[in-house]
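Participant: Numbering (the working numbering), first residue to last: 205 to 362. Mind looking over this structure? Questions follow.
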């Protein structure tokens with residue numbers, strides 16, 4: 205929690221908790237208690253199951269189960285990366301994100317975003333935000349156009 209406190213004190217709006225969420229859930233509880241609405245739990249998904257330690261280790265915990273556990277500890281915002289989609293420029297795992305939004309938490313989608321239409325669709329299913337990486341580097345997605353279009357739609361921040 206000290207590292208989170210330091211980041212927030214230095215001006216970060218939010219802090220992300222990754223592997224600690226599954227290995228040290230009390231860190232999430234304490235961070236959410238001290239800094240409500242400023243903690244994002246990062247969940248890396250491989251075929252619906254949580255992966256940890258930079259995607260190197262698999263678990264027997266489903267993404268939905270981990271989010272429910274973290275929600276019970278006070279977490280309200282989740283960054284979910286579909287490992288199989290990350291960097292592929294295919295499309296996001298819309299079904300996964302729909303299921304997560306139904307859990308009543310804020311979801312930031314990561315992995316596979318390649319087109320403005322992907323952002324629009326994520327917005328329509330209720331995703332709060334999206335990570336756009338490779339599509340910006342390759343020029344497949346124009347940031348100004350994407351922001352303008354998503355603003356028209358009204359929900360996702362790219």
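In this text, a Cβ means the ideal position worked out from N, Cα and C, and glycines have one as well. Source: prediction; values computed, not measured.
1) Mapping DSSP to helix, strand and coil, what is residue 339?
2) Where are the beta strand (DSSP E) runs, 3 residues long or more, that stay fully inside the stretch 219 to 291, in chain order?
3) Under DSSP, the alpha helix (DSSP H) around residue 314 begins and ends at which residues?
4) Measure from the alpha carbon of residue 220 to the alpha carbon of each residue in 214, 238, 247, then state which is nearest.
5) Could you name the residues of the same chain whose beta carbon sits closer than 7 Å to that of residue 292, not counting the 5 residues immediately before and after it, in chain order?
6) Closer than 6 Å by C-beta to residue 313: which residues in its own chain qualify, once you throw out the five before and the five after it? Chain order, please.
Facilitator: Let's see:
1) As a working mapping, residue 339 is identified with position 135 in the chain shown. Here residue 339 sits in helix by DSSP.
2) 219 to 221, 243 to 250, 253 to 256, 261 to 266, 281 to 286
3) Stepping through the chain shown from its first residue, residue 314 is reached at position 110. Where residue 314 is concerned, there is no enclosing alpha helix (DSSP H), although the beta strand (DSSP E) it sits in stretches over 310 to 314.
4) For the purposes of this step, residue 220 is taken as the residue at position 16 of the chain shown. Answer by Cα proximity: 247.
5) Looking up residue 292 in the chain shown gives position 88. Contacts found: 316.
6) Translated into positions along the chain shown, residue 313 becomes position 109. Same-chain partners within the cutoff: 296, 301, 326, 331, 334.
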